[in-house]
Amino acid sequence: MSTQPVRVVRHPDGVVELLLDDPGRGNALDLPTAEALRDATAGITADPGGAVLLRAVGGNFCVGGDLRAFAGRGADTSSYVHAVATAAHEAVRALHELPVPVVAAVRGAAAGGGIGLALAGDLVLAARSARFRLAYTAIGLTPDCGASWVLQRLLGPRRAADLILTNRVLTGEDAERWGLVSRVVEDDELDDTAYRTAAELAAGSAPALRAAKDLLRAGAEAPLKDHLAAEARSIAALAGGPQAQSAMESFLAARSRGRAPSTPPKEAAPQSVS
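Right, here's the structure in full:
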């Protein structure tokens, strides 16, 4: 059994797993865990593979900050919590800035900082057992791990305020309906589905996926005119490269082989993705 609260597992297919591995504490964030998470993501940044899979061992994804570690420190409490938040924030920022796709798999509780950590994924898969609750104001605190930043962008200001101020609980299905997660899967399918998703991304076109992530990040803030120009530059640069040329030729050849030679198709299928 591992004694490390956070582990990195590199797979031959290009998937790099970032594992929260302290199930006995619900993968809570105390200072050693936050620093281990920071260090692990720094190592992934140096070599992210083809895709990153963020998941947790045990019945809960991450219950947020470890209140047992926070409480009882008296005058040192503020400095301790600041250190935990700072280390965790470095990890969240590193995940957001990775050039490769990040898939997050959430089961059980995702609370407090655990929500901000999960939402660092480009794709977030939630088990039906998942329960999302910010819970900060219920214990006299405010959001961290980027929650107050990302929730407004995902859900809009009204729903973000609802979650943050009222501490309401969202089920996995609620989270899918609200747009908080990409999709919900059955609990016993979560790990396989998340890994398969990450492996498919790792096997995809690395230049295209990286460029698409760049466009998604820039598009959240850029004016439409500027973003359209960036899209044109990106697709043109990729289209002239050998990988896209080969992929387009393979696609057209496969479409051609699938048609009966003597029977033209009723309706021409599109041969473009733009």
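Count the sequence shown with the numbering used here and you get residues 348 to 621, in order. Think of the CB as a built atom: it goes at the ideal place given N, C-alpha and C, for glycine as much as any other residue.
Within its chain, find whatever has a CB closer than 8 angstroms to the CB of residue i; leave out the 5 residues flanking it on each side and keep chain order.
{"i": "residue 360", "result": "397, 546, 549 and 550"}
{"i": "residue 526", "result": "501 and 502"}
{"i": "residue 350", "result": "none"}
{"i": "residue 434", "result": "378, 381, 382, 384 and 385"}
Would you kindly work out how many angstroms separate the C-alpha atoms of residue i and residue j, rounded to a whole number?
{"i": "residue 395", "j": "residue 511", "result": "32 angstroms"}
{"i": "residue 587", "j": "residue 389", "result": "33 angstroms"}
{"i": "residue 449", "j": "residue 374", "result": "19 angstroms"}
{"i": "residue 393", "j": "residue 553", "result": "16 angstroms"}
{"i": "residue 619", "j": "residue 558", "result": "Reliability fails at residue 619, whose pLDDT of 36 lies under 50, so the model's placement of it is uncertain and the value that follows must be treated cautiously. Distance between the alpha carbons of residue 619 and residue 558: 18 angstroms."}
{"i": "residue 428", "j": "residue 380", "result": "13 angstroms"}
{"i": "residue 589", "j": "residue 442", "result": "29 angstroms"}
{"i": "residue 537", "j": "residue 495", "result": "27 angstroms"}
{"i": "residue 513", "j": "residue 597", "result": "53 angstroms"}
{"i": "residue 595", "j": "residue 544", "result": "22 angstroms"}
{"i": "residue 539", "j": "residue 580", "result": "37 angstroms"}
{"i": "residue 416", "j": "residue 524", "result": "35 angstroms"}
Rounded to the nearest angstrom, how far is the Cβ of residue i from that of residue j, given a contact under 8 angstroms?
{"i": "residue 486", "j": "residue 414", "result": "7 angstroms"}
{"i": "residue 460", "j": "residue 491", "result": "5 angstroms"}
{"i": "residue 473", "j": "residue 519", "result": "4 angstroms"}
{"i": "residue 517", "j": "residue 507", "result": "12 angstroms between Cβ atoms; not a contact."}
{"i": "residue 447", "j": "residue 556", "result": "7 angstroms"}
Which same chain residues end up closer than 7 angstroms to residue i when comparing Cβ atoms and leaving out the 5 residues on each side of it in sequence?
{"i": "residue 438", "result": "384, 385 and 388"}
{"i": "residue 610", "result": "For residue 610, the predicted structure reports a pLDDT of 37, less than 50, and the residue's modelled location is therefore unreliable. A value from the coordinates is still provided. Cβ within range, chain order: n/a, list empty."}
{"i": "residue 431", "result": "376, 377, 378, 381 and 412"}
Taking 6 angstroms as the cut-off, does the CB of residue i come closer than this to any heavy atom belonging to the ligand FAD?
{"i": "residue 425", "result": "No copy of the ligand FAD appears in this structure; indeed no ligand is present at all."}
Report yes or no: is there a C-beta of chain C within less than 7 angstroms of the C-beta of residue i?
{"i": "residue 502", "result": "Of the chains in the structure shown, none is chain C; there is only one protein chain."}
Less than 6 angstroms between C-beta atoms, sequence neighbours within five positions excluded: which residues of the same chain meet that for residue i?
{"i": "residue 603", "result": "none"}
{"i": "residue 452", "result": "402, 472, 537 and 541"}
Three CB pairs or more closer than 8 angstroms across the segment 470–489 and the segment 419–426: By the Cβ rule, the segment 470–489 does not count as touching the segment 419–426, because fewer than three pairs are nearer than 8 angstroms.
Complete runs of the alpha helix (DSSP H) confined to the segment 390–420 [at least 4 residues]: 414–417
Stretch-stretch touch, CB-based, cutoff 8 angstroms, three pairs: the segment 399–414 with the segment 357–377: yes
Segment contact flag, the segment 367–381 with the segment 351–358, C-beta cutoff 8 angstroms, min 3 pairs: yes
Ordered list of alpha helix (DSSP H) runs contained in the segment 517–551, each at least 4 residues: 519–525 and 537–549
Inside the segment 486–510 only - alpha helix (DSSP H) runs reaching at least 4 residues: 494–502
Minimum length 3: unbroken beta strand (DSSP E) runs contained in the segment 447–479: 449–453, 456–458 and 470–474
Alpha helix (DSSP H) segments (min. 4 residues) lying fully within the segment 544–595: Here the runs fully enclosed are 553–566 and 571–586.
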